[in-house]
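Residue numbers (my numbering), protein chains in the order written: chain A, 5 to 113; chain V, 5 to 113.
Here's the structure we're looking at; comments come further down.
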DNA sequence: ATAAAGTGAAACCATTTGGTTTTATATTTC
DNA sequence: GAAATATAAAACCAAATGGTTTCACTTTAT
């Protein structure tokens, strides 16, 4: 696993294991060991996935005693969202759904 | 390039060349040769990228004489959009961005 | 009917990817 | 301080990825 060069968001979410890790981290801080129990692979492998997610800016971590706690950093997903929005016009139902959402929630304009 | 196993949308868009191909195909039909001139790689390489995009359902093609014309099929991107929406609550400013989008482009309601 | 244009398919190659095992280091706990 | 816990780091490996070159096959144009 190449950890030397930068990974971007698109690459980071290409792997199903990494996508699942992101969901696990949604909301709660977890240590590597806690994440690993959910996967049929070694802690080392999970650690490498976390490194790739870190490089993409999707997770951050802090040391707490002998543990290292990871948290989700969802902001970089905005790049994905922006990319996706370019294609909005080529498939239906997104605009209408969001229009509804905006009209119901955002009144400041 | 493994073209035997299925590729999903997440994998398909992980490569920048493939993302650019998708943008090129947004709106217009193109033959492989027309796509290739935009990239510093062989027609064969582009052809393989198109195969991966096909497997992900993101492009389709039709034969026209000795040419093969490719078109965008954006629908599978909805899977990505759905995945992304799960994380909406973890980053801000999506609503505002789309509000702007809707107000500028969609007037049908 | 040949030549040219457009593509497909096969064989090959270097690098990256996703995993492993082994060894070492830091922090608790008893 | 010794054992247990949590992680890091390094070496290794098979398969996938992204590319190439070469050759064959259709379709069109002259």
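Where is the CB? At the ideal position from N, CA and C, for every residue including glycine.
Interface partners of residue i on chain V, CB under 7 Å
i, result
"residue 17 (chain A)", "14"
Within chain A, partners of residue i - CB distance below 7 Å
i, result
"residue 79 (chain V)", "95"
"residue 30 (chain V)", "91 and 94"
Those residues which DSSP pairs with residue i across a bridge
i, result
"residue 66 (chain A)", "A:73"
"residue 34 (chain V)", "V:74"
Cutoff 7 Å: residue i Cβ touching any chain A Cβ
i, result
"residue 91 (chain V)", "yes"
"residue 51 (chain V)", "no"
Proximal chain A residues relative to residue i, where beta-carbon distance stays under 8 Å
i, result
"residue 88 (chain V)", "81, 84, 85 and 88"
Per-residue contacts from residue i into chain V (C-beta, under 9 Å)
i, result
"residue 76 (chain A)", "91 and 94"
Nearest residue (CA-CA) to residue i, options the options
i, options, result
"residue 93 (chain A)", "V:27, V:15, V:10 and V:22", "V:27"
"residue 56 (chain V)", "V:42, V:74, V:67 and V:69", "V:74"
"residue 72 (chain V)", "V:34, V:18, V:88 and V:87", "V:34"
"residue 21 (chain A)", "A:69, A:79 and A:43", "A:43"
"residue 91 (chain A)", "V:90, V:95 and V:80", "V:80"
"residue 32 (chain A)", "A:69, A:83 and A:65", "A:65"
"residue 11 (chain A)", "A:82, A:54, A:69 and A:68", "A:54"
Beta-carbon gap between residue i and residue j smaller than 7 Å
i, j, result
"residue 36 (chain A)", "residue 51 (chain A)", "yes"
"residue 14 (chain V)", "residue 60 (chain A)", "no"
"residue 76 (chain V)", "residue 85 (chain A)", "no"
"residue 30 (chain A)", "residue 62 (chain A)", "no"
"residue 49 (chain V)", "residue 95 (chain A)", "no"
Cβ-heavy atom distance, residue i to the ligand SAH, below 6 Å
i, result
"residue 65 (chain A)", "As far as ligands go, the structure on display features none, and thus does not contain the ligand SAH."
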